[in-house]
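To keep things clear, I will list the structure first and then write my remarks on it.
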Amino acid sequence: MSGHDTPIPMTSSKCGPLSGVAQVPGDKSISHRSLILGAMAVGETRITGLLEGEDVLDTAKAMRAFGAEVSQHGPGEWSVHGVGVGGFAEPENVIDCGNSGTGVRLIVGAMATQPITATFTGDASLNKRPMGRVTDPIALFGAQAHGRDGGKLPMTIVGAAEPVPVTYTVPMPSAQVKSAVLLAGLNAPGKTVVIEKEATRDHTERMLAGFGAELTVEDTNEGRKITLTGQPELTPQDIAVPRDPSSAAFPVCAAVIVPGSEITVPGVSLNPTRNGLYTTLIEMGADIAFENEREEGGEPVADLRVRASETKGVEVPPERAPSMIDEYPILSVVAALSTGTTVMRGVKELRVKECDRIDAMARGLEACGVTIEEDEDTLIVHGMGQGGVPGGATCKSHLDHRIAMSFMCLGMAAQNPVSVDDGAPIATSFPVFEPLMAALGANVTRDS
């Protein structure tokens, strides 16, 4: 089973101004989808800028297990020889998706309408996460799921031998669930319809259209309605993966909170379904400029120039949550070093991520001297102003990469060092985090 067997305790200490260029990794969401849709196309898909973190590498292994030929040709340069829609082979072994909720849910969707059986597992964190949100809709296609403890991994999926198209309203804002249903719909005859009441990241829709699927998107009284015509022949693509806005969030926020900093983060995706953090930071008073705006791989991108700023607390509207759901942990760090109170509502989805991220950030920030309020759907941070957080605590990462990196950023601006009990999960999404931050001037060390 995947897992971080040896914890890597880490400490971050107050540093001088951050400066330089932060070349963050490729977008994790787009990297997963590039491999999966490449495996479902006929012919060779070539990918540049692929994120080579553990989560994405686990998806690459899974596509090989289903019969696709997946090869690496150089740093970030990969190719996928696909087997076509409906062409997955039955894997010989258990599919280990490591720490990746995105990976397992999308892969389950992709194989659910094919007449094969596969068993999925993951690390200790992933095996605690709810899978019913995906197994419920794939059952409508005719697939069966046999998991443990009310629908958790390890889980065996028996794909539908004669799938039927479905119309499904996603009960919560979740790009993973929407994408799983669309991927399942690829091998179902007729039209599969997905309705989402709140728009979520739209990488799957963009990429399906790029691969040649017949897909329409319209706004209706019910919500955003996506209609996919099943059983297409997908055409292989050349995909340039933009840099991940969720990974860019860490050097960006570190530069905002460390006095005197000025950095550039080139080529970051500005997909409107992903840019809620940057909208919020600017509302708080952060000095962020978007330069050289352009399009790469069907996605809007720009170079970000970020300068240290004295920020103030704001109320983040709940409808913004889907566009920044992964960024609330690092936003709460900026909030702690702002003046006034920051209120984050509509964030209950954070409780079922790699860990309960509301609880993890609340307990860690409290240990560092910050006053927190919370309920099931809300996180409120009472800011202490620039340089006002005492720090000096060891925080639990709960096998969550974003929790670990958030507390490492806090340590760069707190009065005393901040530690995490285990920084090993950082490698799942941002394997170059430590050297990248060190090159900018941060002081992040592994504890012996």
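Just so you know, UniProt numbering puts the end of the sequence shown at 448, numbered straight through with nothing missing. Just so it is clear, CB atoms sit at the ideal spot from N, CA and C, and this is done for glycine as well.
- A distance of 8 Å or more separates the beta carbons of PHE211 and GLN231.
- The DSSP assignment places complete alpha helix (DSSP H) segments of no fewer than 4 residues inside the stretch 80-121 at 101-111, in order along the chain.
- In the displayed model, VAL70 falls within a strand according to three-state DSSP.
- Around the Cβ of HIS32, a 10 Å sphere holds 16 or more other Cβ atoms; the residue is buried.
- DSSP places LEU379 within a strand segment (E or B) once states are collapsed to three.
- Taking the Cα positions, GLU354 is about 31 Å away from ASP219.
- The beta carbons of GLY67 and PHE88 sit closer together than 8 Å.
- When the alpha-carbon of ASN93 is set against those of GLY74, PRO266, VAL134, PRO154, the nearest one is in PRO154.
- When the Cα atoms are used, LEU304 and PRO165 turn out to be separated by approximately 42 Å.
- For the options SER419, SER13, HIS81, the alpha carbon positioned closest to that of THR45 is the one of HIS81.
- Buried is the label assigned to THR342, since at least 16 other Cβ atoms lie within 10 Å of its Cβ.
- Pairing GLY98 with GLU54 gives a Cβ-Cβ distance under 8 Å.
- Residue nearest to THR156 within the set GLU162, ILE138, PRO173 is ILE138 (criterion: CA-CA distance).
- With fewer than 16 other beta carbons inside 10 angstroms of its own, GLY74 counts as exposed.
- By DSSP's assignment, CYS395 forms a beta bridge with VAL420.
- Annotation for THR200: PRO173, SER174, ALA175, LYS178, THR273, PRO322 place their beta carbon closer than 7 Å to its own, counting only its chain and skipping 5 residues before and after.
- DSSP places PRO137 in the uninterrupted alpha helix (DSSP H) bounded by 132-141.
- Taking one beta carbon from each stretch, the stretch 118-133 and the stretch 256-273 have fewer than 3 pairs nearer than 8 Å; the two do not touch.
- Per DSSP, the unbroken beta strand (DSSP E) holding ASP287 starts and ends at 287-296.
- Distances from the alpha-carbon of LEU186 to those of LEU277, GLU205, ASP244, GLY147 put GLU205 closest.
- About 11 Å separates the beta carbon of VAL56 from that of MET63, a gap too long to meet the 8 Å contact definition.
- Under the three-state reduction of DSSP, ILE8 is assigned to coil, being neither helix nor strand.
- The beta carbon of GLY101 is closer than 6 Å to those of ARG129 in its chain, skipping five residues each way along the sequence.
- One thing to note: GLU349 has its Cβ no nearer than 8 Å to the Cβ of VAL314.
- For LEU126, no alpha helix (DSSP H) encloses it, and the DSSP letter there is neither H nor E.
- The Cβ-Cβ distance between THR117 and VAL85 does not fall below 8 Å.
- By DSSP's assignment, SER34 forms no beta bridge with any residue.
- A straight-line Cα-Cα distance of about 7 Å links THR280 and VAL316.
- When the alpha-carbon of ILE195 is set against those of THR119, THR167, GLU376, the nearest one is in THR167.
- According to the DSSP assignment, GLN144 belongs to no alpha helix (DSSP H) but to the beta strand (DSSP E) extending over 144-148.
- Put simply, the backbone Cα of GLU162 is about 28 Å away from that of ARG224.
- Secondary structure at MET324: coil, using DSSP grouped into helix, strand and coil.
- Spatial neighbours of LEU228 in its own chain (CB-CB distance under 6 Å, excluding positions within 5 residues in sequence) are listed in chain order as LEU182, GLY185, THR192, LEU215.
- Look at SER19 here: in three-state DSSP terms it is strand.
- The shortest C-alpha to C-alpha distance from GLY391 to any of GLN23, LEU337, ALA424 is the one to LEU337.
- Per DSSP, THR204 is one residue of the alpha helix (DSSP H) stretching across 203-210.
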